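Comments concern the structure below.
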Amino acid sequence: VTADNSGNWTLSGSELDVSGLNNGTLTVSATQADTAGNTSTAATQTITLDNAAPSAVTITTPIETDGLVNAAEDNDVLIAGSGAEAGNSVTVTITDNNSSVSRTVTADNSGNW
1 VTADNSGNWT LSGSELDVSG LNNGTLTVSA TQADTAGNTS TAATQTITLD NAAPSAVTIT
61 TPIETDGLVN AAEDNDVLIA GSGAEAGNSV TVTITDNNSS VSRTVTADNS GNW
């Protein structure tokens with residue numbers, strides 16, 4: 001990477017592929033070298049790599065507690081689950097042959113939704 005006249009530089013796009021590294025904490029370091037070959041000490045910063053999809057969630061209660069949605073319940077269907085990572089969004093979709101409805105909720109600190 002070459003710096004501009006102000007010393008600014010950027011790595012972007014596919015210049016640095018980290019997809020082969022393990023998920024978790026990574027340390028980014030940068031040094032500079034002058035034309036005489038002298039190298040600076042490294043500046044460092046940590047980042048977190050998280051490129052793994054979360055596990056599948058679990059629907060923990062039967063829909064409407066009995067698995068049957070009747071006319072009195074069809075405008076307010078109760079579905080609950082667990083197994084999400086805390087703070088992740090969970091999208092529930094119900095589909096028939098022609099259309100679908102979806103709702104997205106946020107998992108609580110225990111992974112329940």
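Heads up: the sequence shown is residues 1 to 113, going by our numbering. Here a beta-carbon is modelled for each residue, glycine too, at the ideal position from N, C-alpha and C. Being a predicted model, the structure only gives us computed values, none of them experimental.
**Study point:** DSSP three-state assignment for Ile94, whether helix, strand or coil
**Key:** Counted from its first residue, the sequence shown places residue 94 at position 94. Of the three classes helix, strand and coil, the one that applies to Ile94 here is strand, per DSSP.
Exercise for review: Return the first residue and the last residue of the beta strand (DSSP E) that Val24 is part of.
Suggested key: The residue you call residue 24 lines up with position 24 of the sequence shown. In the sequence as presented, Val is not what sits at residue 24; that position holds Gly. Unbroken beta strand (DSSP E) run through Gly24: 24–30.
Check your understanding: From Asp66 to Thr93, what distance separates their C-alpha atoms?
Key -> Position 66 of the sequence shown holds residue 66. Position 93 of the sequence shown holds residue 93. Rounded to the nearest angstrom, the two C-alpha atoms are 19 Å apart.
Point to revise | Whole-angstrom distance between Ile59 and Ser6, CA atom to CA atom | key: Translated into the one-based positions of the sequence shown, residue 6 becomes position 6. Translated into the one-based positions of the sequence shown, residue 59 becomes position 59. Rounded to the nearest angstrom, the two C-alpha atoms are 56 Å apart.
Review point. Rounded to a whole number of angstroms, what is the C-alpha to C-alpha distance between Asn70 and Glu64?
Key: For the purposes of this step, residue 70 is taken as residue 70 along the sequence shown, with counting starting at 1. For the purposes of this step, residue 64 is taken as residue 64 along the sequence shown, with counting starting at 1. Distance between the alpha carbons of Asn70 and Glu64 is about 9 Å.
Check your understanding: Going straight from the alpha carbon of Ala80 to that of Asn51, what length do you get?
Key -> Residue mapping note: residue 80 aligns to position 80 of the sequence shown, counting from 1. Residue mapping note: residue 51 aligns to position 51 of the sequence shown, counting from 1. Answer to the nearest angstrom: the Cα atoms are 27 Å apart.
**Study point:** According to DSSP, residues forming a beta bridge with Ser100
**Key:** Residue numbering aside, residue 100 sits at position 100 when the sequence shown is read from its first letter. Per DSSP, Thr95.
Check your understanding: Does DSSP put Ile79 in a helix, in a strand, or in coil?
Key -> For the purposes of this step, residue 79 is taken as the residue at position 79 of the sequence shown. Residue state, collapsed to three classes: coil.
Exercise for review: My understanding is that Leu49 touches Asn88, with C-beta atoms under 8 Å, so please give their C-beta distance in whole angstroms.
Suggested key: Here residue 49 is taken as the residue at index 49 of the sequence shown, counted from 1. Here residue 88 is taken as the residue at index 88 of the sequence shown, counted from 1. The Cβ separation is near 17 Å, so there is no contact.
**Study point:** Rounded straight-line distance, which links the Cα of Gly20 to that of Thr39
**Key:** Reading the sequence shown from its first residue, position 39 is the one you call residue 39. Reading the sequence shown from its first residue, position 20 is the one you call residue 20. One C-alpha to the other measures close to 28 Å.
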